[in-house]
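Sequential numbering from 617 applies to the sequence shown in the numbering used here. Built from N, CA and C at the ideal position, the CB exists for glycine as well.
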Amino acid sequence: MGPIRDVALLLRTNPADEAIIAMPSAGTELLKELYTILKKANFQKIRILPGISQIVDGDAHFIQTRSIDLQDLLGRNPVTINLKESLSYVRGKRVLVTGAGGSIGSELCRQLLSGGASRLYLFGHGENSIYQIDKELRLLQEEGVGEKAAIVPIIGDLKDAGYMDYILNHLKADAIFHTAAYKHVPMMEANPVAAIENNVFGTENLINASIKHGITRFVHISTDKAVEPVSVYGVSKYLCEKMVLEAAKKGGTNFVVVRFGNVLGSRGSIVPLFQQQIEKGGPVTVTHPDVRRYFMTISEACSLVLKTGGVGENGGLYLLDMGEPVRIRDLAEQLIRFQGYEPETEIKIEYVGLRAGERMDESLLSRDEIPSFTDYSRILRIAKKSEDALNIGGLLDELRPICCFNPANPKFYRNSEILRGIINSKVISTYQH
C-alpha cells in the first residue's frame, strides 16, 4: 500500500485490529520508529517475528510471532548469527538443558529445537515451568518449526547426587547447557545455605555425573555477579566457575563457561517488576539514581551462548560483549513512557536504597582477568594474569557439612553464620584488602 510512515495514519483501526512487524532483520531504532507509528495509528495489538539470529533456515513461522515489548526497543541492534551453522554441533545429538523452564533455559530450548537436536531434555525442579516450555515447544513443532526432535520433560533436583548419576546414565546426552540456579540476590542473602547447596553442590553433582557418563560438551552459564563477588549468590556462581574450569583439566568432557550480565525481561528481573508497578499506578521503585547494570536481550544472549558452546575450547572462560551499562533510572523512565505515561508527573519514581548483596555497579572482569577478541563478534576470551590460589576442593569440604548433614559435626548443619564466615575469609576477603 506504500511506506508505513505514510499509510498507517490513513488506516481506520479499531481495538480488534492487529499489526505484525514481519521484519526479522529490523534494528532497534527502526523498531522504535515502527512502534511509535503503529501506536499513533491506534493499533493496540502489535506483534513481532523473532530476530534474524533466532531463525535457522531463513524462514520465520507465524506461530513464532509474539507481542512486542520493551526489550525489543531497548536492546542493541542484534548481531547476525547463522544459527544453522552455529548449531551444527548439536544436529542429531541429545541435548540436556537444566533450568529449562527459566528465561534463559527456555529460550535456549526454542533455538535448539530449530537447530536439529534429535532429543531435547527439559530438566527442572519446577513442575509448572517445565510443563509450560514443553507445551510451547510441541506447539512450535506442530506448526512446522524445527525438526522432529523428541522432547522429553524431566522433573528432578540437581542437589540429589544419586538421581543425577542415575539420570545422566540413562539419558546418554551428548551436550549439557547448565542454566539452573537460584538467582535472586536479596533472596539468597536471606537464604545463604540454600544458595550454596543448590548452586554449588548441585553443579558439583552435575559435573561429576557428566564426567562419569561421558558427556561430550558441558556449557555452564555464569554471571557478572561472580566477578569479585560481594553477595552469597555471586560467591556461589564464582565457585561454580572455578569448579567447571577445574573439571576441564580432567579430560574427556569439553567444559566451557560463558559469563554475561543481566538479560532484559527475565523472570524476577526489574522489567516485569516495573511493569507491575506501572499497572498499579506507581510508584516505580529504583534502588539508587545512579545504579547501573549491563543488559542484553534474552534471544541475543542465548544465540551467543549456543555459538560459544560450539566454538569454545575446553577450559575456556568466555565473556559476551555486553556493550555499555545502563542506568536503572533511565530504564524505568523508558518503560513508563512505553506504557504511555510521563515519568514523575504521572508515574512517580521512588528511590529505596540498595538491598542486601547489591552494589552500585557490576563489573564484567576482575582485576586479575584480561579479555581478548575471538574470531566471533561479541564473544571474548578471558585469561588470568596469575594462577588462582583458591583451593576449591578444600573450600567445598568446609562448606559440605553446612549443606549436607554430618552426624560428626551436627552444629554445622544449616548454620548460616559459619557459612558466611567461611566465604568471607576464603573468598570475599581475598580481593577486598
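Residue i, enclosing alpha helix (DSSP H) - first and last residue
{"i": "ARG1040", "result": "With the sequence shown as reference, residue 1040 is identified as Asn, and Arg is not the correct amino acid for it. Here the alpha helix (DSSP H) through ASN1040 covers 1032-1042."}
{"i": "VAL968", "result": "Run containing VAL968: none; DSSP gives neither H nor E here."}
{"i": "LEU728", "result": "719-730"}
{"i": "LEU699", "result": "699-702"}
Close Cβ partners of residue i (< 7 Å) along its chain, the five nearest in sequence each way excluded
{"i": "PRO808", "result": "VAL848, SER1032, LEU1035, ARG1036"}
{"i": "PRO905", "result": "ARG945, TYR967"}
{"i": "MET780", "result": "LEU774, ASN821, LEU822, ALA825"}
{"i": "MET859", "result": "THR819, GLU820, ILE823, ILE1008"}
{"i": "ALA624", "result": "ILE653, LEU654, ALA657"}
{"i": "ILE827", "result": "ALA863, LYS866, GLY868, THR869"}
{"i": "CYS1019", "result": "VAL809, ILE812, GLU813, PHE817"}
Bridge partners - residue i, DSSP secondary structure assignment
{"i": "MET803", "result": "DSSP, once it has assigned bridges, lists no residue as partnering MET803."}
{"i": "ARG908", "result": "ARG943"}
Residues near residue i in its chain [Cβ-Cβ closer than 8 Å; skip 5 each side]
{"i": "THR990", "result": "VAL927, TYR934, LEU996, ARG997"}
{"i": "GLY973", "result": "VAL801, PRO802, MET804, GLU805, VAL846, SER847, VAL848, TYR849, GLY850"}
{"i": "LEU861", "result": "PHE871, VAL873, GLY931, LEU933"}
Endpoints, the beta strand (DSSP E) within which residue i is located
{"i": "GLU743", "result": "Run containing GLU743: none in the beta strand (DSSP E); it sits in the alpha helix (DSSP H), 743-758."}
{"i": "LYS1000", "result": "995-1000"}
{"i": "MET912", "result": "911-913"}
{"i": "ARG833", "result": "833-839"}
{"i": "LEU712", "result": "710-714"}
{"i": "ILE767", "result": "766-771"}
{"i": "PHE871", "result": "870-876"}
Helix, strand or coil at residue i according to DSSP, with G and I counted as helix
{"i": "GLU820", "result": "helix"}
{"i": "PRO845", "result": "coil"}
{"i": "GLY881", "result": "coil"}
{"i": "ILE668", "result": "Residue confidence for ILE668 is low, a pLDDT of 48 falling below 50, so the modelled location carries little weight; the figure read from the coordinates is stated next. Note: ILE668 maps to helix in three-state DSSP."}
{"i": "GLY932", "result": "strand"}
{"i": "ASN1022", "result": "coil"}
{"i": "TYR798", "result": "coil"}
{"i": "GLU916", "result": "helix"}
{"i": "GLY778", "result": "helix"}
{"i": "ILE792", "result": "strand"}
{"i": "PHE659", "result": "coil"}
{"i": "GLU645", "result": "helix"}
{"i": "ARG707", "result": "coil"}
{"i": "PRO808", "result": "helix"}
{"i": "VAL860", "result": "helix"}
{"i": "TYR957", "result": "coil"}
Same chain, Cβ closer than 6 Å to residue i, five either side skipped, listed in chain order
{"i": "TYR1029", "result": "PHE1021"}
{"i": "GLU763", "result": "GLY732"}
{"i": "SER719", "result": "SER882, ARG883, ILE914"}
{"i": "SER982", "result": "VAL843, GLU844"}
{"i": "VAL713", "result": "GLY721, LEU724, CYS725, PHE793"}
{"i": "HIS741", "result": "ASP773"}
{"i": "ASN1025", "result": "PRO1017"}
{"i": "GLY618", "result": "none"}
{"i": "THR839", "result": "LYS853"}
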